[in-house]
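K.L.:
Line by line, the protein sequences give chains A and B. Note that the first sequence covers residues 1 to 407 in this note's numbering. Note that the second sequence covers residues 408 to 872 in this note's numbering. Every residue, glycine too, gets a C-beta built ideally from N, C-alpha and C. Please read these numbers as outputs of a predicted model, since none were measured by experiment. Here it is, the structure, as structure tokens.
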Amino acid sequence: MEQQEAKALGLLAEYETPQALMAAAEKVRDGGYKRWDTHTPFPVHGIDDAMGIQPTILPWIVLGAGATGTLTALLLQWYTNGVDYPFLISGKPLFSWVPAFPVTFELTVLFAGITTLLGMLALNRLPRLHNPLFDVKRFARATQDRFFLALDATDPLFEDSSARALLEGSGATAVEDVPDVPTNENIPSWMWQVAIVLVFATFVPLGLIAASYNSTSTTPPFHIVGDMDWQESYRYGEEVPFFDNGQAMRGALPGTVAVGELEEDDAFYRGMDDMGNWLAVAPVEVSKSVLERGRERYNIYCLPCHGESGNGKGIVHERALALDTSGWLIPRDLTMDSIVTQPDGQIYDTITNGFNYDAETGTGNMAPYAAQIRPEDRWAIVLYVRALQRAANASIEDVPADKRSAL
Amino acid sequence: MSSQYDLEIQTALEDPTSRPHLVMGGATFASIDDDVAGVSEGFLKKTSLAWYAMFGASISVLAMLGAVVVYLISTGVGIWGNQSPVFWGWPIVNFVFWVGIAHAGTLISAILFLLKQDWRTSINRFAEAMTIFAVCCAGLFPAIHVGRIWVVYWLFPIPNQMEMWPNFRSPLLWDVFAVSTYATVSLLFWYMGLIPDLATFRDRATSKIRQGAYAFFSLGWTGSSRHWHRYEKAYLILAGLATPLVLSVHTVVSFDFAVSQLPGWHTTIFPPYFVAGAIFSGFAMVLTLMIPVRAIFGLQHIVTLRHLEVVSKVILATGSMVGYAYAMEFFVAWYSGNPYEQFAFTNRAFGPYAWAYWIMVSCNVISPQLFWFKKLRQSVPALFVISIFVNIGMWFERFVITVTSLSRDFLPGSWAYFQPTPFDALTLIGSFGLFFTLFLLFIRFLPIIAISEIKGILHKQESHH
């Protein structure tokens, strides 16, 4: 018996009505006790005074959370739409208060609302699934139809016999010890091990993603969802069974010209004068920048065959010789006399329509480049070819006198 | 037993000097526990058959919804009738319909709480649950309507591979924030209210599993007065937060329409008119659900005829507001002198969708006017039938608004009559499956009435004697 009393964590008194509890609470309060509580199935009004409970600071915490929500929302909207990715809509300011209002309001309420619940629980030290009071059988009625007063043995004034006398004299229907039932609150060690393994396991997929993100690969990226990457549609140049000419692309109707594509100017677009003769001189202004452009385009489109200096010995040519010389048509040396003497318009025409090329069969000596190179760039290439020809056929006299010694 | 309550109700209603008690039948704290917890505990005994039948039906409908959604995602939104020019077809209609219903719960719990309307206690838990399940149904529609659901996270300001942010000046984005905040706060509010009652369930539990589950979710609640003190403060704060929130949600939903420049949508009357409509539809749904539940589970003495009558008065008031808004829309169209606006409204009432318009008017404007008659307000069958009419009418309201304006806009060349497909109907029906499945689970496992609050009311009633 004595042992049991030594172990008790406190005393629990039961009352039948809220009024009885309230009277008892006043007595305990006046007795100077500090560590005690009452437990009721519903909030009993007036008990706060009877127990001397101080107002909670919860409202202030919620106020702080709400203000944080307001600020977060404003910063979020200002930064995302005004700074990081400016959204210009109908010329309106990138950030303004009125359209920012709804989201600001919602986030304020959201932050405050979540904090209200979590704050209430935290202040109440909940969740607390194990509570010594639950070991007292009759305490189950605290959430049903009985009213309890619990006095903690750790209260400085607590002294078993006097406390018991106080409670018994307060109209309690029963007074009982809160037993100290030893429970094993330690989490079993295997649970820790599993938890540690699980925590590390969560980093594996993230690591894999990061690794693949920071490396290159020769295979196409892995798509979980194809989206519109693989569509059942015909691509340019593909063959289809259902059109007369078997081509997927429909092309322009015969005799029609698309807007802006009339190309009236024979000199510019075809390199001819009104009589149908080749233009001797390119109909474009010659300048350093045009020549630079010509060099750039030449190096992209012509160099592989005709070579960097125009001598007809480009890498495609070299490669063709290395593999198999039969049937390879040697690209022409662009600096040879017969081409030096050609009018500009003719070289332009070679780029546009190819050389000895049959559009019907798609065969010939050199294919046309009209599809790849715009007219003004073709002229720039012509001018650059002229420059190459000058360079290839130059004599020492062409070099300024003061630079000759450098050669 | 029920006849005894009826008698009590009758005398209480007939005596104009005294208001009938909110809780009847000589209830005690213990008897309230028995009655409410008994619904969940006594399941295997009396009411189980009806429940299992209803649950079986709902879950089959839910499974059908699942199949439709899988088909939709794997095929595309083309399985619905959404077609030029009506790209906002039934999915948006259904979304607004469900969000509207979701308003009653928080309104009852928050606004009526602040107004100290004690009668709310009998129905608030129920209405809050309804709110949450309706928000689930509502949220479903925009989510599946986006088409490519796997990139639905683009709706939220999350850093993504496009290095783009959502447009914060779009009402559709406001909607994302409004509805998700509303869902979260309603859930918190509901859960917080549940904690003490879950503890009651825990302490009454006879099986270990039941006890463990309720213990877990009641977080170790002991009914400590120090806890109650903070709890009540928190409840008051949440009510204060939820009150403007509930009004904001349908306001923002109405912005989806009102901020765009379409005749029939671009009007400032939309926010208040939508909010009134939402409360109207939400309360109707409360009646539709509450009437059968209180009859089946014998809760007539907790949810009394007086509660139903008060709800019907709210329906009458909000229904009249909605009717006023319908009339005002026509007035504004005429008064504006804007030919497009005038056309939009003539077209609504007399165009190809006139049938839908007049269904809406009869259900929403005419049927609630019957509640002027006390006899009908106190007749349970009449309440039930009218509440169903209101549900139908409010679905049609959203249909009329969405479809009539879109199907005939500025360019007559693009006009077309909207044709829903069978999948439109199946998704709508399926959403009811989702709703009722959740609802039946709620009835089965959770306290459907706020036990601790009812005890508080009972205590108050007794102290006045």
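Which partner residues does A/Asp-358 have in the DSSP bridge list?
P.N.:
Its beta-bridge partners are A/Thr-363.
K.L.:
What are the boundary residues of the beta strand (DSSP E) that includes A/Thr-38?
P.N.:
36 to 39 is the extent of the beta strand (DSSP E) around A/Thr-38.
K.L.:
Kindly indicate if chain A contains any beta-carbon less than 8 Å away from that of B/Ile-644.
P.N.:
At least one chain A Cβ lies under 8 Å of B/Ile-644.
K.L.:
Is there at least one Cβ from chain C nearer than 8 Å to A/Pro-188's Cβ?
P.N.:
Absent from the structure is chain C; the protein chains it does hold are A and B.
K.L.:
So what does DSSP say about A/Val-136, is it helix, strand or coil?
P.N.:
Reduced to three states, the DSSP call for A/Val-136 is coil.
K.L.:
Does any residue of chain A have a CB that is nearer than 8 Å to the CB of B/Gly-863?
P.N.:
Chain A, which has a Cβ nearer than 8 Å to the Cβ of B/Gly-863, makes this yes.
K.L.:
Assign A/Gln-193 to buried or exposed, taking buried as 16 or more other Cβ atoms, counted over all protein chains shown, within 10 Å of its Cβ.
P.N.:
Exposed, since its Cβ has fewer than 16 Cβ neighbours within 10 Å.
K.L.:
So the alpha helix (DSSP H) A/Ala-174 belongs to, where does it begin and stop?
P.N.:
Where A/Ala-174 is concerned, there is no enclosing alpha helix (DSSP H), although the beta strand (DSSP E) it sits in stretches over 174 to 178.
K.L.:
Name the one or two DSSP bridge partners that A/Ala-13 has.
P.N.:
DSSP, once it has assigned bridges, lists A/Leu-149 and A/Val-175 as partnering A/Ala-13.
K.L.:
By how many angstroms is the C-alpha of A/His-317 removed from the C-alpha of A/Gly-364?
P.N.:
When rounded, the distance between both Cα atoms is 16 Å.
K.L.:
Between B/His-636, B/Tyr-638 and B/Thr-607, which lies nearest to B/Phe-623 when the distance is taken from Cα to Cα?
P.N.:
If we check each option's Cα against that of B/Phe-623, B/Thr-607 comes out closest.
K.L.:
In angstroms, rounded to a whole number, what distance separates the CA positions of A/Leu-323 and A/His-306?
P.N.:
Going from the Cα of A/Leu-323 to the Cα of A/His-306 covers about 18 Å.
K.L.:
When burial is assigned at 16 or more other CB atoms within 10 Å of the CB, is A/Arg-404 buried or exposed?
P.N.:
Classification for A/Arg-404: exposed.
K.L.:
Write down every uninterrupted run of the beta strand (DSSP E) in the stretch 564 to 645 of chain B whose length is 3 residues or greater and which is fully enclosed by it, in chain order.
P.N.:
Within the stretch 564 to 645 of chain B, no complete beta strand (DSSP E) run reaches 3 residues.
K.L.:
Assign B/Lys-782 to buried or exposed, taking buried as 16 or more other Cβ atoms, counted over all protein chains shown, within 10 Å of its Cβ.
P.N.:
Exposed is the call here.
K.L.:
Residues of chain A with a CB under 9 Å from the CB of B/Asn-754: which are they?
P.N.:
What B/Asn-754 touches in chain A: nothing, since even the nearest Cβ is about 28 Å away.
K.L.:
Could you tell me how far apart the beta carbons of A/Asn-311 and A/Asp-337 are, in whole angstroms, since I believe they sit closer than 8 Å?
P.N.:
In fact, because the Cβ distance is near 14 Å, the residues do not count as touching under 8 Å.
K.L.:
In terms of alpha-carbon separation, which member of B/Tyr-764, B/Ser-593 and B/Phe-830 lies closest to B/Ile-808?
P.N.:
If we check each option's Cα against that of B/Ile-808, B/Tyr-764 comes out closest.
K.L.:
Relative to the C-alpha of A/Tyr-236, which residue among A/Val-225, A/Leu-88, A/Pro-41 and A/Gly-251 is closest?
P.N.:
When only C-alpha atoms are compared, the closest one is A/Gly-251.
K.L.:
I think A/Trp-36 touches A/Asp-152, with their Cβ atoms under 8 Å apart; what is that distance to the nearest whole Å?
P.N.:
Indeed they touch by this definition, with Cβ atoms about 6 Å apart.
K.L.:
Going by C-alpha to C-alpha distance, which of B/Lys-640, B/Phe-806, B/Tyr-478 and B/Val-446 sits closest to A/Ile-53?
P.N.:
The shortest C-alpha separation from A/Ile-53 is found at B/Lys-640.
K.L.:
Label B/Met-801 either buried or exposed according to how many other C-beta atoms from any shown protein chain fall within 10 Å of its C-beta, with 16 as the threshold for buried.
P.N.:
With 16 or more other Cβ atoms within 10 Å, it is buried.
K.L.:
Can you confirm whether B/Gly-758, when its beta carbon is compared against all beta carbons of chain A, has any partner nearer than 8 Å?
P.N.:
For B/Gly-758, the answer is no, since every Cβ of chain A falls outside 8 Å of its Cβ.
K.L.:
Any beta carbon from chain A within less than 8 Å of B/Glu-421's own beta carbon?
P.N.:
Unreliable positioning characterises B/Glu-421 in this predicted model, as indicated by a pLDDT of 43, which lies under 50. A coordinate reading is not provided.
K.L.:
Looking at chain B, is there any beta carbon in it that lies within less than 8 Å of the beta carbon of A/Val-399?
P.N.:
No, because no Cβ of chain B sits closer than 8 Å to the Cβ of A/Val-399.
K.L.:
Kindly list, in the order they appear in chain A, the residues whose Cβ is closer than 8 Å to that of B/Lys-523.
P.N.:
The contacting residues do not exist; B/Lys-523 stays about 13 Å from chain A at best.
K.L.:
Quick check: the stretch 581 to 598 of chain B against the stretch 111 to 120 of chain A, are there 3 or more CB pairs under 8 Å?
P.N.:
Segments in contact, yes.
K.L.:
Taking just the CA atoms, how far does B/Gly-473 sit from A/Phe-124?
P.N.:
Note that residue 124 of chain A corresponds to Asn in the displayed sequence, not to Phe. Using only the alpha carbons, I get a separation of about 41 Å.
K.L.:
Mind checking the stretch 639 to 670 of chain B against chain A and listing, in chain order, the residues whose C-beta falls within less than 8 Å of any C-beta there?
P.N.:
Cβ contacts with chain A: Glu-639, Lys-640, Ala-641, Ile-644, Leu-645, Leu-648, Ala-649, Pro-651, Leu-652, Ser-655, Val-659 and Phe-662.
K.L.:
For the alpha helix (DSSP H) that contains B/His-714, what are its first and last residues?
P.N.:
Taken as a continuous stretch (DSSP letters only), the alpha helix (DSSP H) holding B/His-714 covers 712 to 743.
K.L.:
Mind listing the chain B neighbours of A/Pro-59? Cutoff is C-beta to C-beta under 8 Å, in chain order.
P.N.:
Simply Lys-640 and Ile-644.
K.L.:
Less than 8 Å between CB atoms is the rule here; does A/Pro-18 satisfy it with respect to chain B?
P.N.:
Interface residue, yes.
K.L.:
Taking A/Gln-77 as the query, report the chain B residues whose CB atoms sit under 8 Å from its CB, ordered along the chain.
P.N.:
Residues of chain B passing the Cβ test: Phe-575.
K.L.:
How would you label A/Glu-2, buried or exposed, when you count the other beta carbons within 10 angstroms and need 16 or more for buried?
P.N.:
Residue placement at A/Glu-2 is flagged as unreliable, the pLDDT there being 40, under the threshold of 50; the coordinate-derived value follows with that caveat. A/Glu-2 is exposed by the Cβ-count criterion.
K.L.:
Buried or exposed: where does B/Leu-514 fall if 16 or more other Cβ atoms within 10 Å of its Cβ makes it buried?
P.N.:
Its Cβ being crowded by 16 or more others within 10 Å, B/Leu-514 is buried.
K.L.:
Would you tell me roughly how many angstroms separate the C-alpha atoms of B/Leu-479 and B/Pro-829, rounded to the nearest one?
P.N.:
Rounded to the nearest angstrom, the two C-alpha atoms are 12 Å apart.
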